[in-house]
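Per our numbering, residue 2 is the first one in the sequence shown, and the count goes up by one each step.
Shown next, in structure tokens, is the structure this report addresses.
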Amino acid sequence: MFALRGIHAGYGQVPVLRDVTLAVPDGSIVALIGPNGAGKTTLLRVACGALAPWQGRLELDGEDHAGRPAHDLVRKGICHIPEGRGIFRSLSVRENLVMFAAPGTEAEAVERAVDAFPRLGERIGQTAGTMSGGEQQMLALARAYIRQPRVVLLDEVSMGLAPAIVNDIFAFLLRMAAEGSSLLLVEQYIPKVLGVADYAFILNRGRVTFAGQPSELENESVLSHYLGAEPVTPAVAAGA
Ligand SMILES: Nc1ncnc2c1ncn2[C@@H]1O[C@H](COP(=O)(O)OP(=O)(O)OP(=O)(O)O)[C@@H](O)[C@H]1O
Ligand SMILES: [Mg+2]
2 MFALRGIHAG YGQVPVLRDV TLAVPDGSIV ALIGPNGAGK TTLLRVACGA LAPWQGRLEL
62 DGEDHAGRPA HDLVRKGICH IPEGRGIFRS LSVRENLVMF AAPGTEAEAV ERAVDAFPRL
122 GERIGQTAGT MSGGEQQMLA LARAYIRQPR VVLLDEVSMG LAPAIVNDIF AFLLRMAAEG
182 SSLLLVEQYI PKVLGVADYA FILNRGRVTF AGQPSELENE SVLSHYLGAE PVTPAVAAGA
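Below, the structure written as structure tokens:
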């Protein structure tokens with residue numbers, strides 16, 4: 002089990018996360034949603050070791066890793082796919098994949114990535130930054146996948162992508178979870194992420210305002226209540 006417990010964190014003197022507790026059970030998909038500026042990206046940065054929390058525990062199987070640097074957490078199997086994807090744009094697809102493979106396993110790693118996303122195989126020599134947004138996101142996911150990560154932290158994977166690509170990407174996320182990775186998904190595309198998640202958390206102004214089953218958020222007015230917004234009626238949402 003991967004968990005953040007009682008996390009307080011911020012930038013300089015400015016607090017962002019306030020007493021955040023969130024658990025990601027093994028092999029589960031956890032959705033983290035909330036309004037812009039709520040602190041979702043900050044939470045993922047704490048979870049991957051990029052930002053040291055002021056207080057609280059970052060637990061993997063009960064052991065505290067708070068304050069450990071990101072490269073230590075990568076070795077523990079915690080993999081962060083940041084917003085903007087974190088790929089090396091000027092390198093080829095193959096070079097991006099090889100960089101993430103354990104030494105001596107480069108060929109297998111490329112094979113594993115291409116098996117997951119045949120489209121990457123067709124573009125193996127292409128400069129990553131010249132691929133479409135969807136292809137770049139596939140590369141970011143494939144880089145995580147070749148490490149068989151314990152925990153994958155994803156920030157807005159569907160951002161800017163066409164619905165068909167989003168469907169492919171979510172199908173792949175389910176496959177990763179079925180193969181044993183735990184996923185923490187920060188996502189704006191709420192129906193989509195609640196559709197695949199086992200657990201859901203809502204973050205609002207740095208605090209967890211909801212923790213429970215995604216099905217509890219199916220009702221629009223309940224969801225809006227926790228997000229801190231007024232309920233949106235279908236007519237208003239449709240622009241009537
Ligand atoms: N590097 C930084 N330095 C100072 N403040 C920051 C920094 N990064 C984020 N913040 C502030 O922390 C707060 C939370 O930001 P964060 O990016 O975590 O929100 P978010 O929930 O991911 O929002 P969004 O949905 O817009 O991506 C915001 O007020 C933001 O301005
Ligand atoms: Mg964000």
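Ideal placement from N, C-alpha and C gives every residue a C-beta, glycine not left out.
Alpha-carbon to alpha-carbon, residue j and residue i
i      : j      : result
Leu243 : Gly207 : Past the edges of the chain, shown from 2 to 241, lies residue 243, and the structure says nothing about it.
Leu23  : Asp116 : 33 Å
Leu142 : Gln56  : 31 Å
Ser222 : Asn97  : 44 Å
Ser225 : Glu123 : 43 Å
Leu61  : Phe3   : 5 Å
Val111 : Gly161 : 26 Å
Ala172 : Gly196 : 11 Å
Ala51  : Cys80  : 11 Å
Ile30  : Gln214 : 11 Å
Lys193 : Ile203 : 15 Å
Val94  : Thr42  : 26 Å
Ala129 : Ile88  : 8 Å
Glu64  : Val99  : 31 Å
Any non-hydrogen atom of ligand 2 closer than 7 Å to residue i Cβ
i      : result
Glu188 : no
Asp156 : yes
Glu84  : yes
In DSSP terms, what residue i is bridged to
i     : result
Arg6  : Arg58
Tyr12 : Val15
Tyr1  : With the chain running from 2 to 241 in the structure shown, residue 1 is simply not present.
Chain-ordered list of residues that sit, by beta carbon, closer than 5 Å to a heavy atom of ligand 1
In chain order, the qualifying residues are Tyr12, Val17, Asn37, Gly38, Ala39, Gly40, Lys41, Thr42, Thr43.
Minimum length 4: unbroken alpha helix (DSSP H) runs contained in the stretch 26-55
When DSSP assignments are scanned along the stretch 26-55, the uninterrupted stretches of alpha helix (DSSP H) that are 4 or more residues long and fall wholly within it turn out to be 41-48.
Which ranges does the beta strand (DSSP E) cover as unbroken runs of at least 3 residues, wholly within the stretch 82-162, from first to last along the chain?
Fully enclosed beta strand (DSSP E) runs of 3 or longer: 152-156.
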